[in-house]
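Novice: Chains as they are written, first to last, in full-length UniProt numbering: chain A, 1 to 112; chain B, 1 to 890.
Printed below as a string of structure tokens:
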């Protein structure tokens, strides 16, 4: 199966972009990640991941509006490309397939 | 309300390292986060987090720059460098006048720098080449004659001291004593008449002959060309020569064959060559070439002149050097030296030995001797300062002239910028212009330095040569080139490259006034301050020198010569023969003339109400001495002719010191001299006996036959021409030759002898004069540049004024006023500096001129006059211009 490799952090960031929809930019993604996963990540790490994902063609971006709290600077808004979407779906399909293959006794019981 | 801002440094840092295409979004995000942090955790923590976040962005993705669609070559690309040079060259040839002014100024500055560097470097390198130089010291000391006398530093030691110290003081590695002597040299030539080499002139030629212990060669390293270093100087009547001296004596003989040859010193001391060494080729005070073995002293008639057992006398040619063991500090020996002194000097005369570092020898004038030439350190530092200032004002010229040209260049810069030139490459272009000019100036300096060194030979130390291809010189030239280029080029290149293309292309060419104008004015003020300090210094130095020349000395110096018969002897016979000659007015047997380098201090006791004992200066001559020199008698009479010291004449200061209100009261009092009571028969007015650095001291005049071995001769001067004087001198020489057929006749005019006292001052005066001329010349060029600039900048204003009826004179005044203001400010700054500096210089003189206010006024007037002269050309041209021409085009 041909697919491009995604790191775990990249995958999470890509998913977060999808979660945020039209309002996905650096700080918002960082905050959302924090809220959803409890991971405190630095803005620079998120920026680096976004940059890489854009290079891989899984994200596209455009500059948005300037706001006062940013000192009049515009934000770069990200959205998932078709490639990104397909990659996410592929990953999910692989996971689902793997989950389905696990026999009921295959995993020790965990009480949630 | 002002919101707190994130730390400025962090923001700056981010702007520097972050790729421009990412900066906006990144910085925006960080600001947003900062805003939230402010609300949640307070300013301090927010600031810290902001900084941490910025630092975390130092990552490859943020650092990497996006490639431009239109790449420009690096500003150091060979193509660009070729372009810089080409445009620089074109620009320099286009503006010939200013390029020449700059070139001339910079060449002068660099030449002055180079010459001064060569001189100071030469002086500072004296005796720095010896191995173990840090451990070599000269044995010096402090001397004191009698319990009430002052202590004096002495650069020499009583004769037995070095030998005794070697035995008694522990902790010294090597001690070597030597005496330097002067002597004519005879080389016996078998059956022929011996070859004769006259002795060198005192104070002019190097001291070459020393009587030296063999240890001298362990302290100082010489390369032995012939002979055995171990035995060469251990026996009496041995001699070591330097290679060149040996060649001079014996010609082209192979060195080995010179060993054993005989040389005669002092007419009868025959020594034979036992070794030949190579002379040092680096600057040194040890200019000795004839080394006679120390053992010779006791075995020959030298022992009469060099008494090795006399503890109570001290003479300047008795020298000793010491090498300390590794790790020993000279202070560790102080105690032993003091004990040594207590042991050996229990009578009137006290001497405490001490050590002087070798590095101090060339510079410390307190410890005199008679072979080393002392360099005056403050003068050297002063010269360095002068060099720096001259180069600085030359660089300032360049700054002023290039900013003045900026009007013409603004368009060029605009076009260059529009075509994509970066500021960096513009800066480089202008800097390369300066560098080109500086290199030209340096090559000019290299051409000029040889002729200048030979023209100023009297100012430069003997033995100074210029070697271009020594590492030090090349490094210095490189340093000068780089600093000058940067100093001169940095500011103009910053200003010129800062022009906004849009403005300059629209036609707004003039620089904004305000800060930039002040900067340029500040530079002009600085230049004129330096020039004014030099002008004031010149005036004061000249005044002091003319004061020295013209002040009444208290005796006459006209047409008086002194003949140093000295060792030749038979002065009385000579005097008898000279007296009747035509053209000779009076002859006196004397020791030395009233004023000069040589003087003798002695002790005298007077018993009046209480006993007074004091050091007095002695002037020695027969009964003709006082009338010959025209010394004025205040009371009493001259002493009568006699064959020993029977009567004394003292000066007014002496009489006052003895407690007499009126000179006449001192008459017929008795003075105790060497245990004899001698009456005072006359009191003379004070006369100068030393240079003006020293106060007139208590002095007596008397006849001591032992010392009166020289002659003073007064020639008839009234109504006689130079030729008559020459004829008289020739007839005196004839008489000399009749008495001393094998000795050269030497004489000196008293005026010259006195002038020799002020050699250092003459040098200072010439140095200051030269520096002033250069400084004024260069500053005027700068002023000329600025005048051009202002005239051009104010063309329109002047035209409108003219149209409205201003007169030419009014406009010239308008343009000159600003500059005069600058000169005036410079005068205010220069006056205190010059006053302080000249006050320091004059402190050395006991008799000196006052620094008067009109000197400053005169200097200011001179500067104003020079400045007006310089700018008048430009301002008159501007005022005479046809206003239509400049107003027509807008």
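Glycine residues also receive a C-beta, built at the ideal position from the N, C-alpha and C atoms.
Just so we're clear, the structure is a prediction, and the values are computed from it rather than from any experiment.
Using a beta-carbon distance below 8 Å, is residue 20 (chain A) in contact with chain B?
Specialist: Cβ-Cβ to chain B under 8 Å: no for residue 20 (chain A).
Novice: Quick one: does the C-beta of residue 215 (chain B) sit closer than 7 Å to a heavy atom of the ligand ADP?
Specialist: With respect to the ligand ADP, the structure shown offers nothing to examine, as it has no ligands at all.
Novice: Sort out for me which residues DSSP pairs residue 290 (chain B) with in a bridge.
Specialist: Paired residue(s): B:209, B:241.
Novice: Count the C-beta pairs between the stretch 803–822 of chain B and the stretch 572–591 of chain B that are closer than 8 Å, then say yes if the count reaches three, no if not.
Specialist: At 8 Å Cβ cutoff, the stretches do not touch.
Novice: Please name the residue or residues paired with residue 682 (chain B) in a DSSP beta bridge.
Specialist: According to DSSP, residue 682 (chain B) bridges with B:636, B:649.
Novice: Indicate the three-state DSSP secondary structure (helix, strand or coil) for residue 332 (chain B) in the structure shown.
Specialist: Residue 332 (chain B): helix per DSSP, three-state reduction.
Novice: If the cut is a Cβ gap below 7 Å, which residues of chain B does residue 70 (chain A) touch?
Specialist: Near residue 70 (chain A) (Cβ distances below 7 Å), the residues of chain B are 28, 31, 32.
Novice: Check residue 24 (chain B) in the structure and name its three-state DSSP category.
Specialist: Helix.
Novice: Who are the near neighbours of residue 4 (chain B) in its chain, counting only those whose CB is closer than 7 Å to its CB and skipping five residues on each side?
Specialist: Answer for residue 4 (chain B): 38, 43, listed in chain order.
Novice: Compare the C-beta of residue 35 (chain B) against all C-beta atoms of chain A and say whether one is closer than 8 Å.
Specialist: Yes, its Cβ sits closer than 8 Å to a Cβ of chain A.
Novice: In whole angstroms, give me the CA-to-CA distance for residue 107 (chain A) and residue 52 (chain A).
Specialist: Roughly 35 Å separates the two Cα atoms.
Novice: What residues of chain A sit near residue 24 (chain B), judged by a beta carbon separation below 7 Å?
Specialist: What residue 24 (chain B) touches in chain A: 73, 74.
Novice: Could you pull the DSSP bridge partners for residue 602 (chain B) from this structure?
Specialist: B:616.
Novice: Ordered along the chain, which non-local residues of its own chain (more than five positions away) have a Cβ less than 7 Å from that of residue 13 (chain B)?
Specialist: So the list reads 54, once near-sequence residues are dropped.
Novice: Tell me which residue opens and which closes the beta strand (DSSP E) that residue 137 (chain B) is part of.
Specialist: Residues 136–145.
Novice: Cβ atoms of residue 625 (chain B) and residue 582 (chain B): under 8 Å apart, would you say?
Specialist: No, they are not a contact pair.
Novice: With 8 Å set as the bound, which would you pick, yes or no: does the beta-carbon of residue 26 (chain A) sit closer than that to a beta-carbon of chain B?
Specialist: Yes, contact with chain B.
Novice: Determine the direct distance from the alpha carbon of residue 440 (chain B) to that of residue 865 (chain B), and round the result to whole angstroms.
Specialist: Answer to the nearest angstrom: the Cα atoms are 32 Å apart.
Novice: Does the beta carbon of residue 47 (chain A) sit closer than 8 Å to a beta carbon anywhere in chain B?
Specialist: Yes, its Cβ sits closer than 8 Å to a Cβ of chain B.
Novice: I want to verify the contact list: residues of chain B whose CB lies under 9 Å from the CB of residue 91 (chain A), in sequence order.
Specialist: None at all; the shortest Cβ gap to chain B is about 24 Å.
Novice: Closest by CA to residue 855 (chain B), which one among B:295, B:535, B:17?
Specialist: Residue B:535 is the option with its Cα nearest to residue 855 (chain B).
Novice: Pull out every residue of the stretch 46–61 of chain B whose Cβ sits closer than 7 Å to any Cβ of chain A, in chain order.
Specialist: So the close ones are 53, 56, 57, 59, 61.
Novice: Can you find the residues in the same chain that come closer than 7 Å, C-beta to C-beta, to residue 87 (chain B), ignoring five residues on each side of it along the sequence?
Specialist: These residues qualify, in order along the chain: 429.
Novice: Do you know how far the Cα of residue 84 (chain B) is from the Cα of residue 414 (chain B)?
Specialist: If you take the alpha carbons of residue 414 (chain B) and residue 84 (chain B), they lie about 16 Å apart.
Novice: Please confirm if residue 62 (chain A) has its CB atom under 8 Å from at least one CB of chain B.
Specialist: No, residue 62 (chain A) lies away from the interface with chain B (no Cβ there is under 8 Å from its Cβ).
Novice: When the Cα atoms are used, what is the spatial distance from residue 874 (chain B) to residue 6 (chain B)?
Specialist: If I take the Cα positions, the gap works out to 54 Å.
Novice: Could you pull out every residue in the same chain whose Cβ sits closer than 6 Å to the Cβ of residue 13 (chain A), ignoring the five residues on either side in sequence?
Specialist: Hits under 6 Å: 49.
Novice: Given that residue 44 (chain A) touches chain B, what residues does it touch there, using C-beta distances under 7 Å?
Specialist: By Cβ distance, chain B contributes 53, 56, 57, 59.
Novice: For residue 894 (chain B), collect the residues of the same chain with a Cβ closer than 6 Å to its Cβ; drop the 5 residues on either side in sequence, then sort them by chain order.
Specialist: With chain B covering 1 to 890 only, the question about residue 894 (chain B) has no answer from this structure.
Novice: Over what stretch of residues does the alpha helix (DSSP H) that includes residue 728 (chain B) continue unbroken?
Specialist: Per DSSP, residue 728 (chain B) belongs to the alpha helix (DSSP H) from 722–739.
Novice: Have a look at B:767, B:640, B:773 and flag the residue whose alpha-carbon is nearest the alpha-carbon of residue 862 (chain B).
Specialist: Comparing Cα-Cα distances from residue 862 (chain B) to each of B:767, B:640, B:773, the minimum goes to B:773.
Novice: Quick check: the stretch 745–754 of chain B against the stretch 827–847 of chain B, are there 3 or more CB pairs under 8 Å?
Specialist: Segments in contact, no.
Novice: Using a Cβ-Cβ cutoff of less than 8 Å, which residues in the same chain neighbour residue 641 (chain B) once the five nearest sequence positions on both sides are dropped?
Specialist: Contacts found: 622, 623.
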